[in-house]
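**Q** Let me give you the structure first, and then I'll get to my questions.
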Amino acid sequence: MMSISANQNHQSLQPGRIYFLDHMRWLLVVVMVLMHSMFSYTTSASWWYVVDEQSRIAFDISILFYDVFGMPTFFFVAGYFSIGSLEKYRVRIFLRQKFSRLMIPWLLGVMFVGPMVVYFQHYQSLTLEGAMPEGYLDFWWIYVADGLNLFTGRLPSLEQFTLHHFWFVSLLFFFFATQALAWAGSSKIRNLITQLGQRPVESPREIGWALVIFLFFTTAGYCLLIQWFEDMSHMDIYWIMVGSVLQFQPTRLFLYICYFCLGIYGYKKGWFSVSIPGGWLFWFVAATGLLIVFLLSVQRLTTAADPSLWVKLSFGVTRSGLCLALFMLFLVSARGFNSTGSAISRFFSTHSYNIYLIHYGIVVILQYLLLSSPMSPYLKSPLIAVLALGASCALSYFVVKPYPRIFVLSVVTVTMIGWLTVG
Numbered sequence: 028m029m030s031i032s033a034n035q036n037h038q039s040l041q042p043g044r045i046y047f048l049d050h051m052r053w054l055l056v057v058v059m060v061l062m063h064s065m066f067s068y069t070t071s072a073s074w075w076y077v078v079d080e081q082s083r084i085a086f087d088i089s090i091l092f093y094d095v096f097g098m099p100t101f102f103f104v105a106g107y108f109s110i111g112s113l114e115k116y117r118v119r120i121f122l123r124q125k126f127s128r129l130m131i132p133w134l135l136g137v138m139f140v141g142p143m144v145v146y147f148q149h150y151q152s153l154t155l156e157g158a159m160p161e162g163y164l165d166f167w168w169i170y171v172a173d174g175l176n177l178f179t180g181r182l183p184s185l186e187q188f189t190l191h192h193f194w195f196v197s198l199l200f201f202f203f204a205t206q207a208l209a210w211a212g213s214s215k216i217r218n219l220i221t222q223l224g225q226r227p228v229e230s231p232r233e234i235g236w237a238l239v240i241f242l243f244f245t246t247a248g249y250c251l252l253i254q255w256f257e258d259m260s261h262m263d264i265y266w267i268m269v270g271s272v273l274q275f276q277p278t279r280l281f282l283y284i285c286y287f288c289l290g291i292y293g294y295k296k297g298w299f300s301v302s303i304p305g306g307w308l309f310w311f312v313a314a315t316g317l318l319i320v321f322l323l324s325v326q327r328l329t330t331a332a333d334p335s336l337w338v339k340l341s342f343g344v345t346r347s348g349l350c351l352a353l354f355m356l357f358l359v360s361a362r363g364f365n366s367t368g369s370a371i372s373r374f375f376s377t378h379s380y381n382i383y384l385i386h387y388g389i390v391v392i393l394q395y396l397l398l399s400s401p402m403s404p405y406l407k408s409p410l411i412a413v414l415a416l417g418a419s420c421a422l423s424y425f426v427v428k429p430y431p432r433i434f435v436l437s438v439v440t441v442t443m444i445g446w447l448t449v450g
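Residues 28 to 450 (my numbering) are what the sequence shown spells out, left to right.
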């Protein structure tokens, strides 16, 4: 009886649907489309599928900025919304819903979209060397067979079977599955999470202290991982594959887990029933200062032949701090828009997940089509982003959302046409 009452009190403190978190999520997806459109024009992303000779350092800095906080914020939002669903539905229903929403599109993507993206890189590199690439059907068979080997270990090259941007989808499902199984299989974990809601926060100061502890924990863990994975020159492209199903950067995985758990904690403690500590100006100043120090540490890290321990630690400390500062700045800024928003906002909230799934291949195709154009990369990149975003929105609105089976059939059909006509 006591636990039921406590749960009711907790629910009464939750301010209904947290619309500003929805807005944060779709805005991050839109920025991600822009970020992916920049990769062709960076000075450091030689691993990208289409590499343009017109490179600009400004694109490297822009991508680095988003890379610090973008994915951790996704995991926070996912964790925040997940615990309510888990409490509402049975574990079996919860897992079935997540599998249907995440893993079925994942399978379609890695089987049919991923090979096409890699083929652009493969075709471009062989053509530049004066060699004749094999046909797409032969390439597709080799690529998929590589995935069926269920490789586990460090990815030596992104030309082999990888999950591309679908890594987030399968990793998120793994988080949900682990969370659900722990919830169902351990009464201690279930009781611990339930008890968090029995003492919701009463002031911003409580949230502030929780963030201080969180910052200390994430900084310490991230710095230890940096020291463990010593190949710092390849840290941004150091990927681990597990059975061709999970793919992640080991130094980032710890942060993703922490922000996912922070979302659960924030939900149970009713964070958004009180003011967020700090305010916009505080987090803006903190983020600006940390960004300057972070960029200096990146410069020292990437230019040193053998970075010292202090250089690595300065990178780890500033990156963890900047991640939290940018996350909180984004959170504080978005909270002022906790309503269903305009028709445009509601549209993107509805279609953001489909946009995330669809845009990647479109971006690569457009980058390839504009490869020989003399147009400035400062024009190419936003043009590609706008066209890819528009095409993704149109596909989601007119095809994927109302006719998902037709969309699946279309993707398979396009692949089969490629088998017959390319090469």
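Glycine included, C-beta positions come from ideal geometry on N, C-alpha and C.
Quick check on DSSP: helix, strand or coil for GLY180?
**A** Strand, per DSSP.
**Q** Confirm, please, whether the CB-CB distance from LEU340 to PRO334 is below 7 Å.
**A** In this structure, LEU340 does not lie closer than 7 Å to PRO334 by Cβ.
**Q** Count the other C-beta atoms from every protein chain shown that fall within 10 angstroms of the C-beta of ARG381, then say buried if there are 16 or more, exposed otherwise.
**A** As written in the sequence, residue 381 is Asn, which differs from the Arg given in the question. Burial call: buried.
**Q** Under the rule that 16 or more other beta-carbon atoms within 10 Å means buried, what is THR278, buried or exposed?
**A** With 16 or more other Cβ atoms within 10 Å, it is buried.
**Q** Is the CB-CB distance between ALA361 and MET51 below 7 Å?
**A** Yes. Within cutoff.
**Q** Suppose you measure from the CA of THR440 to the CA of GLY348; what does that come to, to the nearest Å?
**A** Spanning the two alpha carbons is a distance of roughly 47 Å.
**Q** In the DSSP assignment, the beta strand (DSSP E) including GLN274 goes from what residue to what residue?
**A** From DSSP, the beta strand (DSSP E) with GLN274 extends over 273 to 275.
**Q** Going by the CB atoms, is the gap between PHE147 and VAL78 shorter than 7 Å?
**A** The answer is no: Cβ separation not under 7 Å.
**Q** Using 8 Å as the threshold, is the region 198 to 218 in touch with the region 387 to 407, meaning 3 or more CB pairs across them?
**A** Segments in contact, no.
**Q** Is ALA158 buried or exposed, if buried means 16 or more other CB atoms sit within 10 Å of its CB?
**A** Flag for ALA158 reads exposed.
**Q** Select from LEU55, SER67, VAL359 the residue whose C-alpha is nearest the C-alpha of SER403.
**A** Taking only the C-alpha atoms, the option nearest SER403 is SER67.
**Q** Could you name the residues of the same chain whose beta carbon sits closer than 7 Å to that of LEU252, not counting the 5 residues immediately before and after it, in chain order?
**A** The residues are PRO277, THR278, PHE281.
**Q** Find out if the Cβ-Cβ distance for the pair LEU356, TRP310 is shorter than 7 Å.
**A** Going by C-beta atoms, LEU356 is nearer than 7 Å to TRP310.
**Q** Take the Cβ of PHE243 as the centre, count every other Cβ of all protein chains shown within 10 Å, and call the residue buried at 16 or more, exposed below.
**A** With fewer than 16 other Cβ atoms within 10 Å, it is exposed.
**Q** DSSP puts MET268 in a beta bridge; with which residues?
**A** MET268 is bridged to GLY180, GLN274.
**Q** Which term fits THR330, buried or exposed, when burial requires 16 or more other beta carbons within 10 angstroms of its beta carbon?
**A** The residue in question, THR330, is exposed, as its Cβ has fewer than 16 Cβ neighbours within 10 Å.
**Q** How long is the line joining the alpha carbons of GLU114 and HIS149, rounded to whole angstroms?
**A** Each residue's alpha carbon lies about 47 Å from the other.
**Q** Inspect the CB distances between the region 292 to 309 and the region 370 to 389 and report whether three or more fall short of 8 Å.
**A** Not touching, per the Cβ criterion.
**Q** Compare the C-alpha of THR179 against each of PRO99, ASN218, TRP255, MET268 and name the closest.
**A** Out of PRO99, ASN218, TRP255, MET268, MET268 has the C-alpha closest to the C-alpha of THR179.
**Q** Taking the C-alpha atoms as reference points, what is the distance between ALA370 and LEU129?
**A** Using only the alpha carbons, I get a separation of about 26 Å.
**Q** Going by the CB atoms, is the gap between THR100 and ASP87 shorter than 7 Å?
**A** It is not a contact, given that the beta carbons lie outside the stated cut-off.
**Q** Compute the beta-carbon to beta-carbon distance between PRO227 and GLY297, rounded to the nearest angstrom, for a pair I have assumed lies under 8 Å.
**A** That belief holds up - the Cβ atoms of PRO227 and GLY297 are roughly 4 Å apart, short of 8 Å.
**Q** List the endpoints of the continuous alpha helix (DSSP H) containing GLU233.
**A** Per DSSP, GLU233 belongs to the alpha helix (DSSP H) from 231 to 255.
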